[in-house]
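**Q**
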Amino acid sequence: MIIGMSVNNCIFLLKYRLNIISIIAICMLVSSCQRMPNVAAELTLSVKPVKVFEFTWSDVEGATYYKLLEKLDSQSSYVTISENIEPNTNLYTTVRALYERTNASYVLQSCNQNGCVDSPEVTVNKTINQAIGHLKSNTPNMTDMFGSDINLSADGSTLAVGVPNENISYDNNSSSKNEYINTGAVYIYTLSENNWVQQAHIKADNIKEYNRFGTSVSLSKDGNILAVGALGADRAASSANDRDPKNAGAAYIYVRDQETNQWRLRDFIQASNAEEGDLFGHSVRLSDDGNTLAVAAIGEDGDQSSAHQTPDTQNKRQGAGAVYLYKYNGASWHEEAYIKSIILVARSDNRFGDKISLSGDGNSLAVSSYTQNRGVRGRVYLYAKENGQWQAQQFVEATNPDNYDDFAKGFSLNKAGNVLAVGATSIDDRLVRDPGVVFIFNLDSNDQWQPTAFITAQNKNKYDYFGYRVDLDSSGTLLVVSATGEDSNGIGLTGDPNNNEQRDSGAAYVFQLTNDGTWQQTGYLKSTNPTRSKYFGGNVQISDDKTIAISTTYEDTNASGINGQYTDEPIASSGAVYLY
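Letter 305 of the sequence shown, counting from 1, is numbered 305 in the UniProt record's numbering, and no numbers are missing.
1. What residue ranges within the segment 29 to 84 form continuous beta strand (DSSP E) runs of no fewer than 3 residues, ordered along the chain?
2. So, for Lys71: in the same chain, excluding its five sequence neighbours on each side, which residues have a beta-carbon less than 7 Å away from its beta-carbon?
3. Under three-state DSSP, which class holds Lys460?
4. Would Gly360 pass as a contact of Ser368 if the rule is Cβ separation under 8 Å?
5. Would you check if the distance between the CB atom of Tyr463 and the CB atom of Ser482 is smaller than 8 Å?
6. Do Asn211 and Ala204 count as a contact pair if the criterion is CB distance below 8 Å?
7. By DSSP, does Asn329 sit in helix, in strand, or in coil?
8. State buried or exposed for Ala408, treating a residue as buried only when at least 16 other CB atoms are found within 10 Å of its CB.
9. Starting from the Cα of Ser412, find the closest Cα among Leu420, Asp405 and Asp406 and give me that residue.
10. Could you tell me if Gln565 is buried or exposed, where buried requires 16 or more neighbouring beta carbons within 10 angstroms of its beta carbon?
11. By how many angstroms is the C-alpha of Val117 removed from the C-alpha of Pro87?
12. Give the straight-line distance between the Cα atoms of Gly133 and Ser527, rounded to the nearest whole angstrom.
13. So residue 581 packs on Gly321, CB below 8 Å; how close in whole Å?
14. Can you tell me whether DSSP reads residue 594 as helix, strand or coil?
15. Looking at the structure shown, is Ile128 part of a helix, part of a strand, or coil, going by DSSP?
16. State yes or no: is the C-beta of Ile356 within less than 8 Å of the C-beta of Arg264?
17. Work out the CA separation of Asp487 and Gly330 for me, nearest whole Å.
18. For Ser31, count the other beta carbons within 10 Å of its own beta carbon; 16 or more makes it buried, fewer makes it exposed. Which is it?
19. What do you get for Lys534, buried or exposed, if any count of 16 or more other CB atoms within 10 angstroms of its CB means buried?
20. Using the Cα positions of Thr484 and Ile550, report the straight-line distance between them to the nearest angstrom.
21. Of all the options Thr190, Pro245, Ser169 and Val47, which has the alpha carbon lying nearest to the alpha carbon of Asn151?
22. What does DSSP give as the partner residue(s) for Arg256 in the beta ladder?
23. From this set, Tyr326, Tyr338, Ala297 and Gly156, which residue's C-alpha is nearest Gly353's C-alpha?
24. Taking all protein chains shown into account, do 16 or more other C-beta atoms lie within 10 angstroms of the C-beta of Thr514, making it buried, or fewer, making it exposed?
25. Exposed or buried, what is His334 when buried is set at 16 or more other beta-carbons lying within 10 Å of its beta-carbon?
26. Considering Cα atoms alone, identify which of Ser306, Gln502, Val323 and Thr522 is closest to Ile343.
27. Can you give me the Cβ contacts of Ser287 inside the same chain, cut-off strictly under 7 Å, excluding the 5 residues immediately before and after it?
28. How is the beta strand (DSSP E) around Gly156 delimited, first residue to last?
29. Since I believe Asn499 is in contact with Asn489 (beta carbons under 8 Å), could you give me their beta-carbon distance rounded to a whole number of angstroms?
30. Are there 16 or more other CB atoms within 10 angstroms of the CB of Thr518, so buried, or fewer, so exposed?
31. Roughly how many whole angstroms lie between the Cα atoms of Ala384 and Ile491?
32. Would you verify that the beta carbon of Pro570 is, or is not, closer than 8 Å to some beta carbon of chain B?
33. Report all residues from its chain with a CB closer than 8 Å to the CB of Asn461; omit the five preceding and five following residues, and keep chain order.
34. For a test of the three-state rule: what should DSSP assign to Arg101, helix, strand or coil?
35. Rounding to the nearest angstrom, what Cα-Cα distance links Gln314 and Asp155 in this structure?
36. Kindly list the residues whose CB is nearer than 6 Å to the CB of Thr477, restricted to its own chain and excluding five residues on each side of it in sequence; keep chain order.
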């Protein structure tokens, strides 16, 4: 005898005589014909600092797992950003690169083995500004200039912030007026379980007034090695009759214990020919592995040119500047090269080494000299390590060079050492005075640097000083550019770039290299509290995970810590860093 039946819209023909095996088979068949969930879970998105997107929902009947999908804009398609989310999770938190998501939307799929049902989409819209990070010193003071230099690890999870003008109490009383002036400090922030926290507040062991520890900072790729420049450090006297050379400068190397997350001083470095006023430590840069270090001394007086193994001690060209290269052998640092300008100019005070950039492998170096003495144009000088020896390659300058262009005010070399971005803040065009531009140079097959692109802002205006600072990601296909004189009153990531009501508030831009070889503007960034003369964009950084850090040393709120509240009682030039 045969019986017909229907279960969950699946039709079966059953024999009258059933045994245990056939009953089990029927149950399995019925289960396999179960429908996908009847309804989708309702998705809620909360945007929180720093860079946190928090997704919540309630489970629905029939769903055995969930998927979260993202669409960046109306021209994009949905892609899965998290799958196989188990029931009873009800919360998914992620840290996202913000500038790409001003128009993002999200869908949650409620799924079982038979399929998925989509929730209504939720959008970010203007709530995205709530996710921007605002970092300050724990005890901000006037003219601290928090953010004088910043550096991110490659994965964007560690941030070093230099504060060279921070004062330090010498009687361990935080409210005391007894302070060492401008001793300086470095703050370390880390991303831990989707939250940014302050991990360390580092001060030099050899505290001295006007040391300006934190003038420059640099992290290794993994963020576990830190170099700090202190251009005001004195050199120890070599004899009882030798006076301390003031402002000779120094570099400090710190390492992070990966178990305790404690930072300790490992090395203290000064130039072998250190002299008064050399300002060694004005700029520092580490290679990816932290074993090659470049240190600029913009006040060094040597009269040599090009690359050498040993430094000049004649001091015939005051303030010419130099860069020193060091190699770590596992126990100590060896000074392996002394780098000078390829061209010796007639005038002194060349400030060679004002900015430096080092490739990831530590074998390519770019050095700027931008002092605009009449007849001296800004340039970037390129050097490479070949067969164990450092050699001068060439210099690059604007394709239409002129005096006072401020070419090389800011520049960046990518990690492969084959793409160079250079800002020229005071180059005019036919319609606008000093809007600023960025030049892109590429290293060709003959090891020659060639200009390949000329970038301007979409909303360029006079005296924007676009190109004040630039930073390339490791691939050389993403670029962040600041324009400290930009005037818009826009806020965060959603502002109107054409409303010029906050003079010199400053802005930053993101550019992407497209498949056809052109650079397309993909982001426009402002601070969350733009006001006049804050010059947002004093330093910029972009990591490989597209985290962007931007500082302004002129920010003056009385907030403290991470996203602290503030009132209308400004602290002039206390400084801040913003995370996007």
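No residue lacks a Cβ here, since even glycine has one placed at the ideal position from N, Cα and C.
**A** On the basis of the supplied data:
1. Runs of beta strand (DSSP E) with 3 or more residues, each lying fully within the segment 29 to 84, are found at 44 to 48, 52 to 56 and 65 to 71, listed in chain order.
2. What you label residue 71 is simply residue 71 of the sequence shown in a count that begins at 1. Excluding residues within five positions, the ones whose Cβ falls inside 7 Å are Ser77, Tyr78, Ala104 and Ser105.
3. One-based indexing of the sequence shown puts residue 460 at position 460. Coil, per DSSP.
4. The residue given as residue 360 occupies position 360 in the sequence shown. The residue given as residue 368 occupies position 368 in the sequence shown. No, the pair does not count as a contact, with Cβ atoms beyond the cut-off.
5. Within the sequence shown, the letter at position 463 stands for residue 463. Within the sequence shown, the letter at position 482 stands for residue 482. It is not a contact, given that the beta carbons lie outside the stated cut-off.
6. For the purposes of this step, residue 204 is taken as the residue at position 204 of the sequence shown. For the purposes of this step, residue 211 is taken as the residue at position 211 of the sequence shown. In this structure, Asn211 lies closer than 8 Å to Ala204 by Cβ.
7. Within the sequence shown, the letter at position 329 stands for residue 329. In the structure shown, Asn329 adopts coil according to DSSP, grouped into three states.
8. By one-based count along the sequence shown, residue 408 stands at place 408. With 16 or more Cβ atoms within 10 Å of its Cβ, Ala408 is classed as buried.
9. Translated into the one-based positions of the sequence shown, residue 412 becomes position 412. Of Leu420, Asp405 and Asp406, the residue nearest in Cα terms is Leu420.
10. Within the sequence shown, numbered from 1, the residue matching residue 565 stands at position 565. By the 10 Å Cβ count, Gln565 comes out exposed.
11. To locate residue 87, count along the sequence shown from 1; it is residue 87. To locate residue 117, count along the sequence shown from 1; it is residue 117. Whole-angstrom Cα-Cα distance: 15 Å.
12. For the purposes of this step, residue 133 is identified with residue 133 of the sequence shown, where counting begins at 1. For the purposes of this step, residue 527 is identified with residue 527 of the sequence shown, where counting begins at 1. Using only the alpha carbons, I get a separation of about 10 Å.
13. The structure shown does not extend to residue 581, since the chain spans only 1 to 580, so no value can be given for it.
14. Past the boundaries of the shown model lies residue 594; the chain is included only from 1 to 580, so the question cannot be answered.
15. The count along the sequence shown starts at 1 and reaches residue 128 at position 128. Taken through DSSP and simplified to helix, strand or coil, Ile128 comes out as helix.
16. Translated into the one-based positions of the sequence shown, residue 356 becomes position 356. Translated into the one-based positions of the sequence shown, residue 264 becomes position 264. The Cβ-Cβ distance between Ile356 and Arg264 does not fall below 8 Å.
17. Numbered from its first residue, the sequence shown carries residue 330 at position 330. Numbered from its first residue, the sequence shown carries residue 487 at position 487. Straight-line Cα distance between these residues: approximately 49 Å.
18. For this step, residue 31 is matched to residue 31 along the sequence shown. With a pLDDT of only 47 at Ser31, under the threshold of 50, the placement of this residue in the model should not be trusted; the figure read from the coordinates follows. Ser31 comes out exposed.
19. Here residue 534 refers to the residue found at position 534 when the sequence shown is read from its first residue. Lys534 is buried by the Cβ-count criterion.
20. Here residue 484 is taken as the residue at index 484 of the sequence shown, counted from 1. Here residue 550 is taken as the residue at index 550 of the sequence shown, counted from 1. Per the coordinates, the alpha-carbon of Thr484 lies some 11 Å from the alpha-carbon of Ile550.
21. Translated into the one-based positions of the sequence shown, residue 151 becomes position 151. Between Asn151 and the set Thr190, Pro245, Ser169 and Val47, the nearest pair of CA atoms involves Thr190.
22. Your numbering for residue 256 matches position 256 in the sequence shown. Trp263, per the DSSP bridge assignment.
23. Within the sequence shown, the letter at position 353 stands for residue 353. If you compare the alpha carbons of Tyr326, Tyr338, Ala297 and Gly156 with that of Gly353, the shortest gap goes to Ala297.
24. Locating residue 514 in the sequence shown gives position 514, where the first residue counts as 1. Looking at its Cβ environment, which holds fewer than 16 other Cβ atoms inside 10 Å, Thr514 is exposed.
25. Stepping through the sequence shown from its first residue, residue 334 is reached at position 334. Exposed, because fewer than 16 other Cβ atoms sit within 10 Å of the Cβ of His334.
26. Within the sequence shown, residue 343 is the residue found at index 343, counting from 1. Closest option to Ile343, Cα to Cα, is Ser306.
27. Within the sequence shown, residue 287 is the residue found at index 287, counting from 1. Once the five neighbours on either side are set aside, the close Cβ partners of Ser287 are Leu358, Gly360, Asp361 and Gly362.
28. Taking the sequence shown and counting its residues from 1, one reaches residue 156 at position 156. Note, Gly156: premise wrong, no beta strand (DSSP E); not H, not E.
29. Taking the first residue of the sequence shown as 1, we reach residue 489 at position 489. Taking the first residue of the sequence shown as 1, we reach residue 499 at position 499. Taking C-beta atoms under 8 Å as the contact rule, Asn489 and Asn499 qualify, at a distance of about 6 Å.
30. In the sequence shown, counting from the first residue as 1, residue 518 sits at position 518. Thr518 counts as exposed, since fewer than 16 other C-beta atoms from the protein chains shown sit within 10 angstroms of its C-beta.
31. The sequence position of residue 384 within the sequence shown is 384, counting from 1. The sequence position of residue 491 within the sequence shown is 491, counting from 1. Whole-angstrom Cα-Cα distance: 42 Å.
32. No chain B is part of this structure, which consists of one protein chain only.
33. Taking the sequence shown and counting its residues from 1, the one referred to as residue 461 is at position 461. Excluding positions up to five away in sequence, the list reads Val432, Pro435, Glu486, Asp487 and Asn500.
34. Position 101 of the sequence shown holds residue 101. Residue state for Arg101 is assigned as helix, using DSSP reduced to three classes.
35. Position 314 of the sequence shown, counted from the first residue, corresponds to residue 314. Position 155 of the sequence shown, counted from the first residue, corresponds to residue 155. Looking at the two C-alpha atoms, the distance is approximately 44 Å.
36. Taking the first residue of the sequence shown as 1, we reach residue 477 at position 477. Cβ neighbours of Thr477 beyond the five flanking positions: Leu513.
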